[in-house]
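**Student:** Here it is, the structure, as structure tokens.
Protein chains: 2
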Amino acid sequence: MKMSQTMIATLREAPSDAVVASHQLMMRSGMLRKLGNGLFCYLPLGLRSFRKVENIIREEMDAIGAMEFMQPVVVPGEIWRESGRWETMGPGMLKAVNRVNQELVVSPTAEEAFTALIRDELSSYKQLPLVTYQIRTKYRDEIRPRYGVMRGREFTMKDAYSFHATQKSLDKTYEDFAKAYRRIFKRLGLTVIPVRADSGAMGGTGSEEFMVESEIGDDTLILCPNCGYAANTEKASCAPDIATDDSGTPQVLTDKPYEPVATPDVKSIADMEKFFGTTSKRFIKVIVYKVLNSILDLHDAPGCQNLKQIKEGDAEPYYPEFFAAVCIRGDLDINEAKLCSLLKASEVVLADEEDLIRLTGATHGFVGPVNLDTIPVICDNSIITQNQDGSLEARVHDAFTGGRKKDLHLKHIEPLRDFKPYLCADVRTCVAGDKCCNCGSEYYTKKGNELGHIFKLGYKYTKSMNVTYLDENGKPQIPTMGCYGIGVDRALASIIEEHHDDDGIIWPMTVAPYQVVVVPVKYENEMKEVADKIYNDLLANGIEVILDDRNDRPGVKFKDSELIGFPVRIVVGDKNLPNVEYKNRTEEKEVLSVEAATKKAIETVKKELRELNA
Amino acid sequence: MKMSQTMIATLREAPSDAVVASHQLMMRSGMLRKLGNGLFCYLPLGLRSFRKVENIIREEMDAIGAMEFMQPVVVPGEIWRESGRWETMGPGMLKAVNRVNQELVVSPTAEEAFTALIRDELSSYKQLPLVTYQIRTKYRDEIRPRYGVMRGREFTMKDAYSFHATQKSLDKTYEDFAKAYRRIFKRLGLTVIPVRADSGAMGGTGSEEFMVESEIGDDTLILCPNCGYAANTEKASCAPDIATDDSGTPQVLTDKPYEPVATPDVKSIADMEKFFGTTSKRFIKVIVYKVLNSILDLHDAPGCQNLKQIKEGDAEPYYPEFFAAVCIRGDLDINEAKLCSLLKASEVVLADEEDLIRLTGATHGFVGPVNLDTIPVICDNSIITQNQDGSLEARVHDAFTGGRKKDLHLKHIEPLRDFKPYLCADVRTCVAGDKCCNCGSEYYTKKGNELGHIFKLGYKYTKSMNVTYLDENGKPQIPTMGCYGIGVDRALASIIEEHHDDDGIIWPMTVAPYQVVVVPVKYENEMKEVADKIYNDLLANGIEVILDDRNDRPGVKFKDSELIGFPVRIVVGDKNLPNVEYKNRTEEKEVLSVEAATKKAIETVKKELRELNA
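Order-wise, the sequence lines are chains P and V. According to our numbering, the first sequence is numbered sequentially starting from 1. According to our numbering, the second sequence is numbered sequentially starting from 615.
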């Protein structure tokens, strides 16, 4: 390709709304233009790299036997009503009504479309497993689109869906994807952190997120430097630690009975530290939550005997609402995602003042677990742990807690002696410095962005949308399901985030728009002849080469070549002829003969491709 | 590929809503499934052929130097307001409003998006011409989607847009596209009829439609068997013919003065034939139209002296409304599209009764041109033609027409003697049997479907959306524009319409999902060994081959292979071993050695590819 024949639209300055490197560089190098808020047009150079990302993903999907489909982008609202997500997807799903009043959705994802397709095609266990995918346009109405295609509204996603007769079959396919994803990211030159993730709104259990480190990341990752443990903060566990007193030594059991202390206006942990003059590690913080749609069995839980369970169809019975008091050490925070998962609930929300007073006698700040029998008490492992043999062990001693009356606290509290938990579990928010739940090393944290996600969905969609097949015995069965996504645009932007310097992009060879740029200082006379020769030799050797035949100052051409980030550059100038200047994007220039430069370019391209694709 | 590893979803019966061959066969062969009304999912086999169509189009676009872009599918309503099409596109354009009340459009086409992009990128004449394209999802809300992807709601279109400093440059690019389109359709194995077309709602002049013959076509084509003239009925011209009298001999001039005839209730042409007892070729039919938004200059037109022109910005001044009487021979019909184009109007509508009486004294049936000076009289060439030297020539003689009074006609009418036209032109609807305007041969007609369309758009979008560049003298200029579309899904369906028989699809080699199918009668023992050997040899020779390793009855496998339509089939059965059965899809079987069959398959594939791609 000659530059005069494509659109080189480099900019000296990035637009002011571009605040991260990838967005700035995609705009400046002329890969991308903005058409509307969160809506982008790929220009020819950008599209080349985009297609390469797509194709690497496609090859790895095909390699694990996934079958490529193409669903419509606009789909009937009807299938979203069937799955129940018409209501639950929220305002991020773009809906439209057409001229004959049919409800339509601009697909944000395609569980429904693939489940509907497979429902019609699947009859026998012999057809299973079925592993499907597509690489397709999606739309999610980001409320505040930013960072270019990193968080746009329209984007391209590789979304895959698998259907299985057995858990074992799902497990195997899930592993195939886990491996394929590692290969994809390696080939794209991306360093990813695979983490166990909360499966969020998608439902089901068993999931892994593939994150890239990013200062603008949506997620906080908890990482162990020793054993490689990695988890999203929403799901990370840590080893229970030993609660210490003011001098840093382990807290000691007291035999004093607990007693009340008048504490006017002492509400917060900071207030308590000041008032009692001691570390917050000796405080038992108690937060009361309203728990929604829990499928726990609460028949023996304090205060829950008269709660009604609701049973609808084949779904597990659930409690629309109950309250629980959660105890945690004063220096720690409750992780509501972990709490939600523990309580098998759709949501937990802080109890309001009225409910607090009715149930515990006090508002937050003065709630305590002692003699609290109106609602279940749940203890984080920082307060009480349950050992493997079932026995319970107190983790704080001689502690302070709320007195369940305004302006009243209790001291000399001994957990297990003064109150008993209904449940003990890990519900704390892990932070840097906590101990690894695998190996005990100290965690560190990073901000990350999700590039891919693999899930074991289970029966969520196949049940709600009535998918069945006949098993070996001719009996109808429901298949179990997995889903697997990668954001194509976000992967492309992440490559640039990871590979750039002050001058521009540094493309990995697999995704560079062109592998080699040939820059004649002026495209005339001998410089033209030599540049053409190198260009044609490289083409003949299967190298993707672009020739800068523009009538521009050499400085502009050099700057553009670094900004766009071609991996190899060969400059043909009068100064060096009959030799030329060879330069890898991040290495020093060297002056070589035309033949040597051509040969080195070919070898460099092939070697880097081989290494990345290995 | 082995069939067990992809989805072979053949059906014995087509669904009842599939009434045309391509829809039936795409469903039965498992290329396609319906997700919603006019919304389809491509299954793996269908997607392979679909991608091949896409790639042939892409290669030919790249070959003429068009640059590939990718615009979003969902675009801001704002740019449609700028071009003025927010209002004029009608209910076929799917609009949505997002959570922050932004108006969005699911793109039905992308003139606006590309014009907006180029507006920002274009600064100098040196950048022109710019030739852009994309292959992208579109949505048009067909009120009655049918015939599968032939007339769906969501579809994929290759849409290209070019921008030019001069008409000459536009003309050249238009010619490039015209040639590229011919090559594309040839490579796809499609017989297309390139026709001059009315450019419809797209605006501009100079356009060509690429049609395929189809009994379910939207369009009627007028075709000349001799010189190859082809036009959409909306634009077709024909040679003026010679009006004959009852005995079939040319009509003869009369010197009798015209005189009134009382004609109670004689309104229609049929009434007149009965009443006067003569051929309708002697009648001058007069229809009065209300003409909207015409940019003709009417300052010297009868009855138009007081009409006001409206002038808005740089646009040509126009008359919001005027009336015209159109005269045509009684056996012919007025073509309103041609009339509209002649009058440079946005629309023509029949005048209502009130206007008719006010302007002519009578309602339709009794309107006539004699002494009509309130509105311009326009004569079709069947009544009066203008010769090249400017002289006028009457084409009917001793004719009948309306008397401009209820129940009154006039006879012995001589055009030019008894009335004069304001304009003479060809505004008749051509039909089979009319004479070719080029060579005089008799036209025949066909129904056709539009596959592609190329237009010279002119300044419509660049003006309304304020695109400018600086010319050689540093003066701002507006570029002129062309646009060029091909429907990918419709092309695919049309290939099947043209290439099938009772047993199934007959794929052209260039677009077959796989070029060769190897069918072991049973996939076991020696049959398996031989089938595997042929399969691997073909793979090694770069042939796209699929192996039917399914555990199905041979009859099912044979029927499927014909239904799906693989161009070459090799059957491996005990009966013939060590020989095998070789069969091209439409030829007789022959028994060949394994080596000969393999060789013949390779040669057949390469030969057909070579011929189609030549």
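Glycine residues also receive a C-beta, built at the ideal position from the N, C-alpha and C atoms.
Taking only beta-carbon atoms, is P:ARG85 less than 7 Å away from chain V?
**Tutor:** No, because no Cβ of chain V sits closer than 7 Å to the Cβ of P:ARG85.
**Student:** Residues of the segment 68-102 of chain P in Cβ contact with chain V at a cutoff of 8 Å, in chain order, please.
**Tutor:** So the close ones are GLU68, PHE69, MET70, GLN71, PRO72, VAL73, VAL74, VAL75, PRO76, GLU78, ILE79, PRO91, GLY92, LEU94, LYS95, ALA96, ASN98, ARG99, VAL100, GLN102.
**Student:** With a threshold of 7 Å between beta-carbons, can V:CYS1097 be considered close to chain P, or not?
**Tutor:** Cβ-Cβ to chain P under 7 Å: no for V:CYS1097.
**Student:** Got a sec: is the Cβ-Cβ distance from P:ARG358 to anything in chain V below 7 Å?
**Tutor:** By this cut-off, P:ARG358 is not an interface position.
**Student:** Is V:GLU768 close to chain P? Criterion is C-beta to C-beta, closer than 7 Å.
**Tutor:** Output row for V:GLU768: interface = yes.
**Student:** Hey, is V:ARG760's beta-carbon within less than 7 Å of any beta-carbon in chain P?
**Tutor:** False, the Cβ-Cβ gap to chain P never drops below 7 Å.
**Student:** Anything in chain V within Cβ reach of P:PRO44, meaning under 9 Å, just list it in chain order.
**Tutor:** Correct list: MET681, GLU682, PHE683, THR746.
**Student:** Which residue's Cα is closest to the Cα of P:MET527: P:ALA540, P:PRO513, P:PRO554, P:TYR514?
**Tutor:** Measuring from the Cα of P:MET527, the nearest candidate turns out to be P:PRO554.
**Student:** For the alpha helix (DSSP H) containing P:LEU117, list its first residue and its last residue.
**Tutor:** Note, P:LEU117: alpha helix (DSSP H), 111-121.
**Student:** Would you mind sorting P:LYS661 into buried or exposed? The rule is 16 or more other CB atoms within 10 Å of its CB.
**Tutor:** Here chain P covers residues 1 to 614 and nothing more, so residue 661 of chain P does not appear.
**Student:** DSSP three-state label for P:ASP503, please.
**Tutor:** Reduced to three states, the DSSP call for P:ASP503 is coil.
**Student:** Based on DSSP bridge pairs, tell me the residues matched to V:GLY1101.
**Tutor:** Its beta-bridge partners are V:MET771.
**Student:** Tell me which residues share the same chain as V:CYS993 and place their Cβ nearer than 6 Å to its Cβ, disregarding the 5 neighbours each side in the sequence.
**Tutor:** Here the set comprises CYS941, PRO1035, CYS1038.
**Student:** Let me see if you follow: with CB-CB separation under 7 Å, is V:ARG1042 close to chain P or not?
**Tutor:** It does not; no Cβ of chain P falls within 7 Å.
**Student:** How would you write the range of the alpha helix (DSSP H) that P:TYR461 sits in, first residue to last?
**Tutor:** From DSSP, the alpha helix (DSSP H) with P:TYR461 extends over 460-464.
**Student:** Name the two residues that bound the continuous beta strand (DSSP E) containing V:ILE909.
**Tutor:** Per DSSP, V:ILE909 belongs to no beta strand (DSSP E) and is neither H nor E.
**Student:** In chain C, what lies closer than 7 Å to P:PHE40 by C-beta?
**Tutor:** No chain C appears in this structure, whose protein chains are P and V.
**Student:** Kindly list, in the order they appear in chain V, the residues whose Cβ is closer than 8 Å to that of P:ARG35.
**Tutor:** Before going further, note that residue 35 of chain P is Leu rather than Arg in the sequence given. Simply GLN685, PRO686, VAL689, PRO690, ILE693, ALA727, ALA730, LEU731.
**Student:** Taking the Cβ atom as the reference point for each residue, do P:ALA66 and P:ALA160 lie within a distance shorter than 7 Å?
**Tutor:** Yes, they are a contact pair.
**Student:** What is the DSSP secondary structure of V:GLY660, counted as helix, strand or coil?
**Tutor:** Helix, per DSSP.
**Student:** Would you call P:VAL20 buried or exposed, if buried means 16 or more other Cβ atoms sit within 10 Å of its Cβ?
**Tutor:** Buried.
**Student:** Span of the alpha helix (DSSP H) holding V:LYS1142?
**Tutor:** Looking at the DSSP string, the run of the alpha helix (DSSP H) that includes V:LYS1142 is 1139-1154.
**Student:** List, in order along the chain, the chain P residues whose C-beta lies closer than 8 Å to that of V:ASP734?
**Tutor:** Residues of chain P passing the Cβ test: ARG33.
**Student:** Could you tell me which residues DSSP pairs with V:ILE992 in its beta bridges?
**Tutor:** According to DSSP, which records beta bridges pairwise, V:ILE992 is partnered with V:VAL940, V:LEU1037.
**Student:** Under the three-state reduction of DSSP, which class applies to V:LYS1020: helix, strand or coil?
**Tutor:** Coil.
**Student:** On a CA-only basis, which of V:ARG810, V:GLU696, V:VAL806 is nearest V:SER828? Give me that one, please.
**Tutor:** Measuring from the Cα of V:SER828, the nearest candidate turns out to be V:VAL806.
**Student:** Examine chain P for any beta-carbon lying closer than 7 Å to the beta-carbon of V:ALA632, and answer yes or no.
**Tutor:** Taking Cβ atoms only, chain P never reaches closer than 7 Å to V:ALA632, which makes this a no.
**Student:** In angstroms, rounded to a whole number, what distance separates the CA positions of V:VAL711 and V:ASP945?
**Tutor:** When rounded, the distance between both Cα atoms is 52 Å.
**Student:** Per DSSP, what are the beta-bridge partners of V:LEU1206 in this structure?
**Tutor:** DSSP lists V:VAL1194 as partners of V:LEU1206.
**Student:** Going by C-alpha distance, which of P:LEU223, P:THR88, P:TYR139 is nearest P:LYS446?
**Tutor:** Answer by Cα proximity: P:LEU223.
**Student:** For my contact list, P:ARG136 and P:VAL195 are in at a C-beta cut-off of 8 Å; report their separation, rounded to the angstrom.
**Tutor:** 26 Å between Cβ atoms; not a contact.
**Student:** Could you tell me if V:HIS913 is buried or exposed, where buried requires 16 or more neighbouring beta carbons within 10 angstroms of its beta carbon?
**Tutor:** Per the 10 Å Cβ criterion, exposed.
**Student:** Within 7 Å (strictly less), CB to CB, does V:THR620 reach chain P?
**Tutor:** Closer than 7 Å: yes.
**Student:** Under 7 Å between C-beta atoms, does V:LEU661 make it to chain P?
**Tutor:** Interface residue, yes.
**Student:** Let me confirm a value: V:LYS1029 is counted as buried when at least 16 other C-beta atoms fall within 10 Å, else exposed. Which label applies?
**Tutor:** Reading the sequence as shown, one finds Pro at residue 1029 of chain V and not Lys. With 16 or more other Cβ atoms within 10 Å, it is buried.
**Student:** Contact criterion: CB-CB distance below 7 Å. Does V:TYR753 meet it with respect to chain P?
**Tutor:** For V:TYR753, the answer is yes, since a Cβ of chain P falls inside 7 Å of its Cβ.
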